[in-house]
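> Can you read through this structure? Questions will come right after.
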Amino acid sequence: MLYIFDLGNVIVDIDFNRVLGVWSDLGRVPLATLQSRFNMGEAFELHERGEIDDEEFAVRMCEQLDIALGFEQFAAGWQAIFVGVRPEVIAIMHKLREQGDRVVILSNTNRLHCTFWPTQYPEVQKAADKLYLSQEMGLRKPEAEIYQQLLNAEEASAQDAIFFDDNLENIEAARALGIHSVHVTDANVVPMFFSDRR
0 MLYIFDLGNV
10 IVDIDFNRVL
20 GVWSDLGRVP
30 LATLQSRFNM
40 GEAFELHERG
50 EIDDEEFAVR
60 MCEQLDIALG
70 FEQFAAGWQA
80 IFVGVRPEVI
90 AIMHKLREQG
100 DRVVILSNTN
110 RLHCTFWPTQ
120 YPEVQKAADK
130 LYLSQEMGLR
140 KPEAEIYQQL
150 LNAEEASAQD
160 AIFFDDNLEN
170 IEAARALGIH
180 SVHVTDANVV
190 PMFFSDRR
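Residues 0 to 197 in numbering that gives the first Met the number 0 are what the sequence shown spells out, letter by letter.
Below is the structure:
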């Protein structure tokens, strides 16, 4: 069986409010103002596909938020998104691999985050056979092609895959391709899924 895990809020807890909190402090703009302006628009998607670099993304986001931050300040806030790893999910990933299953990570991410989280959470990479990252693939979830490309690379059929993600849109896109998909709405979903299968 091929198990496909999203990264954020599936293996590692993330929180965008932490990002905005740092930017609010550094830019001296009220948090509520930044929250009202923040959205995952075009710049976000381009960055996740690797179509714009970190510096251009920072400029575009600062324009969207109407905040004056240097790149180092922007980056400091951007990395604050990571809260901590979910050890119970890491343990499940290891167990699956010990059983002979294939375990991969499919993440909409960006180069700036990928310079950070592997050093903070080395156990994540150790728990997976392979990482499929949006900015390296030039695609992002929920685009159908990203799932198809992963299945092709793994030489697996949709029927032999199980996918875990916290974003319902990504889940529905995977289901449309015939991939059994589990919507991870909180930290208990993945452990409960596997305890029910024993």
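A virtual CB, placed ideally from N, CA and C, is assigned to each residue, including glycine.
Please read these numbers as outputs of a predicted model, since none were measured by experiment.
Please determine, among Q134, D100 and N8, the residue with the shortest C-alpha to C-alpha distance to T114.
Along the sequence shown, read from residue 1 onward, the residue named residue 114 stands at position 115. Cα-wise, what sits closest to T114 is Q134.
> Check whether the segment 165 to 176 and the segment 74 to 86 touch, using three or more Cβ-Cβ pairs below 8 Å as the test.
At 8 Å Cβ cutoff, the stretches do not touch.
> Could you name the residues of the same chain whose beta carbon sits closer than 7 Å to that of L6, not counting the 5 residues immediately before and after it, in chain order?
Reading the sequence shown from its first residue, position 7 is the one you call residue 6. Here the set comprises I104, S106 and T108.
> Give the straight-line distance between the Cα atoms of F73 and R196, rounded to the nearest whole angstrom.
Walking along the sequence shown from the start, residue 73 turns up at place 74. Walking along the sequence shown from the start, residue 196 turns up at place 197. So the alpha carbons of these two residues sit roughly 43 Å apart.
> Classify F115 as helix, strand or coil using the three-state DSSP reduction.
The residue labelled residue 115 in the question sits at position 116 within the sequence shown. If DSSP states are grouped into helix, strand and coil, F115 belongs with coil.
> Excluding the 5 residues flanking L45 on each side, which residues of the same chain have their C-beta closer than 8 Å to its C-beta?
Taking the sequence shown and counting its residues from 1, the one referred to as residue 45 is at position 46. The residues are I51 and F56.
> Are there 16 or more other CB atoms within 10 angstroms of the CB of L30, so buried, or fewer, so exposed?
Within the sequence shown, numbered from 1, the residue matching residue 30 stands at position 31. Looking at its Cβ environment, which holds fewer than 16 other Cβ atoms inside 10 Å, L30 is exposed.
> Distance cutoff 8 Å, beta carbons only. Does K129 sit that close to anything in chain B?
Here chain B cannot be found, since the structure has a single protein chain.
> Determine, using beta carbons only, whether W76 and L25 come nearer to each other than 8 Å.
As a position in the sequence shown, residue 76 is number 77, starting the count at 1. As a position in the sequence shown, residue 25 is number 26, starting the count at 1. For the sequence presented, residue 76 should be read as Gly rather than Trp. Result yes, Cβ atoms of G76 and L25 sit closer than 8 Å.
> Would you tell me roughly how many angstroms separate the C-alpha atoms of G69 and R36, rounded to the nearest one?
For the purposes of this step, residue 69 is taken as residue 70 along the sequence shown, with counting starting at 1. For the purposes of this step, residue 36 is taken as residue 37 along the sequence shown, with counting starting at 1. Taking the straight line joining both Cα atoms gives about 19 Å.
> Which whole-angstrom value describes the C-beta separation of G49 and G137, a residue pair presumed to lie in contact below a C-beta threshold of 8 Å?
Here residue 49 refers to the residue found at position 50 when the sequence shown is read from its first residue. Here residue 137 refers to the residue found at position 138 when the sequence shown is read from its first residue. With 8 Å as the limit, G49 and G137 qualify as a contact, their Cβ atoms being about 6 Å apart.
> Can you say whether S156 is buried or exposed, counting buried as having 16 or more other CB atoms within 10 angstroms of its CB?
Taking the sequence shown and counting its residues from 1, one reaches residue 156 at position 157. So S156 ends up on the exposed side.
> Out of Y146, F162 and E62, which one is the CA nearest neighbour of V188?
Translated into the one-based positions of the sequence shown, residue 188 becomes position 189. Per the Cα distances, F162.
> Let me know if A67 comes out buried or exposed under the rule of 16 or more other beta-carbons within 10 Å of its beta-carbon.
For the purposes of this step, residue 67 is identified with residue 68 of the sequence shown, where counting begins at 1. The residue is exposed, with fewer than 16 neighbouring Cβ atoms inside 10 Å.
> Alpha carbon to alpha carbon, how far is V102 from M60?
One-based indexing of the sequence shown puts residue 102 at position 103. One-based indexing of the sequence shown puts residue 60 at position 61. If you take the alpha carbons of V102 and M60, they lie about 34 Å apart.
> Report the three-state DSSP secondary structure of D165 (helix, strand or coil).
Here the question's residue 165 lines up with position 166 in the sequence shown. Three-state result, D165: coil.
> In its own chain, which residues sit with a C-beta less than 8 Å from the C-beta of M92, not counting the 5 before and 5 after it?
One-based indexing of the sequence shown puts residue 92 at position 93. Correct list, in chain order: Y2, F4, I10, V102, A126 and A127.
> Looking at the unbroken beta strand (DSSP E) that takes in D12, where does it start and where does it end?
For the purposes of this step, residue 12 is identified with residue 13 of the sequence shown, where counting begins at 1. That run of the beta strand (DSSP E) goes V11 to I13.
> Closer than 7 Å by C-beta to S23: which residues in its own chain qualify, once you throw out the five before and the five after it? Chain order, please.
As a working mapping, residue 23 is identified with position 24 in the sequence shown. Here the set comprises P29, L30 and L33.
> Can the beta-carbon of A79 be found less than 8 Å from the beta-carbon of V18?
Reading the sequence shown from its first residue, position 80 is the one you call residue 79. Reading the sequence shown from its first residue, position 19 is the one you call residue 18. Cβ atoms of A79 and V18: closer than 8 Å.
> Kindly identify the DSSP beta-bridge partner or partners of V102.
Working through the sequence shown from its first residue, we reach residue 102 at position 103. DSSP output for V102 lists Y2 as bridge partner(s).
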